[in-house]
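S.K.: Counting the sequence shown from 1 gives a position; our numbering is that position plus 456.
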Amino acid sequence: MLSWGDCVDEDVTGLIMKRRKFLSLVVVLATVIFAAILGYIYYEYIPRVLVDDTQTLKENHIWQFDLFVLGNRNVNITVSTAQYLVYVTFWYQQNSAATTYLINKPVTNTTQASFPVSVQQSGTYYLNVQKTEQYGEKVTTVVHVEVTS
457 MLSWGDCVDE DVTGLIMKRR KFLSLVVVLA TVIFAAILGY IYYEYIPRVL
507 VDDTQTLKEN HIWQFDLFVL GNRNVNITVS TAQYLVYVTF WYQQNSAATT
557 YLINKPVTNT TQASFPVSVQ QSGTYYLNVQ KTEQYGEKVT TVVHVEVTS
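In structure tokens form, the structure reads like this:
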């Protein structure tokens with residue numbers, strides 16, 4: 457014959473088992489969500505080529521790319537030109553406020569210049585390469601631009 461204590465023990469045991477199942481489900485879901493977040497951050501932070509392009513410049517060309525940043529992120533900008541002097545400008549624009557990292561950095565003809573930059577904000581960045589006007593507007597030059605992060 458069952459006593460009142462036996463029934464209480466079975467109810468408590470059943471309640472404990474339900475709580476364990478619920479707690480296990482919460483732990484598994486939290487682990488999956490945490491792993492997904494870490495995977496996304498890793499995917500955004502792996503080193504990658506943002507721009508690898510060759511252009512014939514008559515005046516200038518602007519490249520635009522997006523960066524995901526937590527803290528600081530290094531960006532390496534490499535520009536080479538075939539014939540004429542060009543200038544490199546790199547900036548971040550948000551509404552009417554801009555953060556400029558490079559302003560009119562010269563790259564002389566037949567050389568390659570590398571500019572390491574540390575950026576602090578996620579968003580859209582712009583890179584402008586502009587030919588100097590001293591050779592006239594009809595003259596073109598070939599530039600190669602590579603941006604890695």
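The beta carbon of each residue, even a glycine, is placed where N, CA and C say it ideally should be.
Helix, strand or coil, according to DSSP, for A538 in the structure here?
M.R.: Sequence index remark: in the sequence shown, residue 538 carries index 82 (1-based). Correct three-state label for A538: coil.
S.K.: Are the segment 564-583 and the segment 477-492 touching, with three or more C-beta to C-beta distances below 8 Å?
M.R.: Counting Cβ pairs under 8 Å, fewer than three are found: no touch.
S.K.: Do Q549 and G579 count as a contact pair if the criterion is CB distance below 9 Å?
M.R.: For the purposes of this step, residue 579 is taken as the residue at position 123 of the sequence shown. For the purposes of this step, residue 549 is taken as the residue at position 93 of the sequence shown. Going by C-beta atoms, G579 is nearer than 9 Å to Q549.
S.K.: Kindly examine the ligand HEM and report whether one of its heavy atoms sits closer than 8 Å to the Cβ of Q577.
M.R.: The ligand HEM is not part of the structure shown, which contains no ligands of any sort.
S.K.: Smallest Cα separation from V542: which of I559, Y582, Y581?
M.R.: Here residue 542 refers to the residue found at position 86 when the sequence shown is read from its first residue. The residue with the shortest Cα to Cα distance from V542 is I559.
S.K.: What is the residue span of the beta strand (DSSP E) that N528 lies within?
M.R.: Position 72 of the sequence shown, counted from the first residue, corresponds to residue 528. Careful: N528 lies outside any beta strand (DSSP E) and carries neither H nor E.
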